[in-house]
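In this note's numbering, the protein residues as written are 518 to 676. Virtual Cβ for every residue (Gly too), placed ideally from N, Cα, C. Since we're looking at a predicted model, the values are computed, not measured.
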């Protein structure tokens with residue numbers, strides 16, 4: 518289990534609740550919340566057939582410090598595409614920030630087809646960025662179109 522799950526279980530001391538709904542972290546997306554854009558779905562534990570963000574560029578972000586001032590040294594992350602017929606994410610960046618304004622690149626994907634099957638996929642984070650703690654993380658689509666995801670988990674060292 519990753520950081521979003523860990524926070525949702527109150528650091529392993531309680532039954533899991535969606536950490537966004539419980540206000541233990543904050544998920545935001547580039548398009549307004551509606552029936553097809555639900556931030557809590559990204560850190561939930563159930564597959565949703567349709568969940569996406571739009572925008573130029575489309576993005577979704579997690580703030581780990583919105584209530585408890587957590588930061589994370591991220592060394593791995595996983596995503597899962599939703600089940601919608603919309604185009605799947607193939608080119609994107611995982612970015613991080615200490616303040617939610619200035620973003621640094623953690624990992625870039627170009628023409629990565631691993632999310633086409635709607636299965637869970639994960640990737641390591643290397644380099645200097647994998648040794649620095651950040652409060653904010655976002656997935657930024659590099660191609661036009663919706664960002665269709667139904668799960669996002671972060672792994673590493675939570676502070």
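Looking at the DSSP output, residue 654 sits in a beta bridge with 579 and 613. For residue 559, there is no enclosing beta strand (DSSP E); the residue is part of the alpha helix (DSSP H) that begins and ends at 556-559. Under the 8 Å Cβ criterion, the region 600-608 counts as touching the region 620-635, having at least three qualifying pairs.
Between residue 640 and residue 593, the CB-CB gap stays under 9 Å. Checking the DSSP bridge columns, you'll see residue 640 partnered with 594.
DSSP places residue 647 in the helix class (H, G or I) of the three-state scheme. In this structure, residue 584 places its C-beta atom within 9 Å of the C-beta atom of residue 542. In terms of CA proximity to residue 564, 637 leads the group 657, 651, 637 and 546.
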